[in-house]
Amino acid sequence: RKEVEQDPGPFNVPEGATVAFNCTYSNSASQSFFWYRQDCRKEPKLLMSVYSSGNEDGRFTAQLNRASQYISLLIRDSKLSDSATYLCVVNRGGSQGNLIFGKGTKLSVKP
Amino acid sequence: DTGVSQDPRHKITKRGQNVTFRCDPISEHNRLYWYRQTLGQGPEFLTYFQNEAQLEKSRLLSDRFSAERPKGSFSTLEIQRTEQGDSAMYLCASSLTGTGNYGYTFGSGTRLTVV
Numbered sequence: 001r002k003e004v005e006q007d008p009g010p011f012n013v014p015e016g017a018t019v020a021f022n023c024t025y026s027n028s029a030s031q032s033f034f035w036y037r038q039d040c041r042k043e044p045k046l047l048m049s050v051y052s053s054g055n056e057d058g059r060f061t062a063q064l065n066r067a068s069q070y071i072s073l074l075i076r077d078s079k080l081s082d083s084a085t086y087l088c089v090v091n092r093g094g095s096q097g098n099l100i101f102g103k104g105t106k107l108s109v110k111p
Numbered sequence: 001d002t003g004v005s006q007d008p009r010h011k012i013t014k015r016g017q018n019v020t021f022r023c024d025p026i027s028e029h030n031r032l033y034w035y036r037q038t039l040g041q042g043p044e045f046l047t048y049f050q051n052e053a054q055l056e057k058s059r060l061l062s063d064r065f066s067a068e069r070p071k072g073s074f075s076t077l078e079i080q081r082t083e084q085g086d087s088a089m090y091l092c093a094s095s096l097t098g099t100g101n102y103g104y105t106f107g108s109g110t111r112l113t114v115v
């Protein structure tokens with residue numbers, strides 16, 4: 001089983017749609033969770049951390065279920081500028097473990 | 001400080017040649033990481049340093065690869081006897097120890113093409 005698995009995608013949605021990405025991780029010792037965004041041929045950039053209680057940043061909502069080892073990202077009212085690849089990221093274990101990236105899910109928002 | 005800098009941005013080399021990449025992290029960050037990313041994949045961990053000490057190396061880092069961070073500031077990644085399978089984006093990132101909840105800051109990467 002891969003350490004971090006994501007929906008394969010791609011997701012093609014119209015502007016204004018709500019889209020959800022899912023991710024599972026295998027290491028129950030993982031303590032830090034993130035969503036990164038990566039534009040084509042650019043470096044990954046931190047979108048948001050994911051906290052146990054769930055957290056929201058504008059149109060973006062992240063949820064964590066430690067019991068199921070499951071992470072989600074919800075994007076409401078999609079914009080054209082949201083088109084990118086979204087990477088689910090988990091630390092290997094403990095507070096200092098290295099970050100492990102999923103393969104990413106490509107989102108394409110159409111007019 | 002404008003972030004993590006990597007040089008060069010692009011490198012085309014012939015198979016069998018050696019290449020070296022440089023990374024300058026954010027100045028106050030004591031941790032520096034190297035990742036490799038191929039098309040359609042997420043970044044894969046290669047190695048990381050805390051100050052000048054190399055603390056972990058992935059099994060992806062064959063004996064043709066070597067990384068250094070001699071004074072705990074910039075780092076270099078060298079690939080000897082390059083192979084076509086080494087073609088990838090090589091990403092450097094930095095962070096502070098104990099900031100597990102704050103993620104890493106990545107540089108723009110060095111895109112290597114081995115012909």
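Protein sequences appear in the order of chains A and B. Counting with the numbering used here, you get residues 1 to 111 for the letters of the first sequence. Counting with the numbering used here, you get residues 1 to 115 for the letters of the second sequence. Quick reminder that beta carbons are idealized off the backbone N, C-alpha and C, glycines included.
Asked	Found
Proximity test, Cβ basis, 8 Å: Leu-46 of chain A and chain B	yes
Rounded Cβ spacing between Tyr-90 of chain B and Gly-109 of chain B (contact assumed at less than 8 Å)	6 Å
Test: Ser-49 of chain A CB closer than 8 Å to a CB of chain B	yes
Cβ pair count under 8 Å reaching 3, the region 26 to 37 of chain A against the region 2 to 12 of chain B	no
Coil, strand or helix - Asp-39 of chain A by DSSP	coil
Neighbouring residues, chain A, relative to Ser-108 of chain B (Cβ below 8 Å)	Lys-42 and Glu-43
Touching by the beta-carbon criterion (3+ pairs, under 8 Å), the region 64 to 76 of chain B and the region 26 to 46 of chain B	yes
Closer than 8 Å at the beta carbon, the chain B residues around Phe-60 of chain A	None at all; the shortest Cβ gap to chain B is about 15 Å.
Which of helix, strand or coil DSSP assigns to Ser-87 of chain B	coil
Gly-42 of chain B and Gly-102 of chain A closer than 8 Å at C-beta	yes
Residues in the region 73 to 93 of chain B having any Cβ partner in chain A nearer than 7 Å	Leu-91
Start-to-end residues for the beta strand (DSSP E) that takes in Asp-77 of chain A	From DSSP, Asp-77 of chain A is part of no beta strand (DSSP E); its letter is neither H nor E.
Three-state class that DSSP yields for Asp-7 of chain A in the structure shown	coil
Ala-84 of chain A to Thr-61 of chain A span [Cα, whole Å]	17 Å
Neighbourhood of Phe-11 of chain A by C-beta, 6 Å cutoff - its chain only, sequence neighbours within 5 removed	Val-19 and Leu-107
Coil, strand or helix - Asp-63 of chain B by DSSP	coil
Within 8 Å of chain A by C-beta, residues of the region 36 to 53 of chain B in sequence order	Gly-40, Gln-41, Gly-42, Pro-43, Glu-44, Phe-45 and Tyr-48
8 Å Cβ shell around Asn-55 of chain A - same chain, five flanking residues per side excluded	Met-48, Ser-49, Thr-61 and Ala-62
Minimum Cβ-Cβ distance from Glu-56 of chain B to chain A less than 8 Å	yes
Close Cβ partners of Gly-40 of chain B (< 6 Å) along its chain, the five nearest in sequence each way excluded	none
Closer than 8 Å to chain B by CB, Phe-34 of chain A	yes
Bridge partners - Gln-63 of chain A, DSSP secondary structure assignment	A:Ser-72
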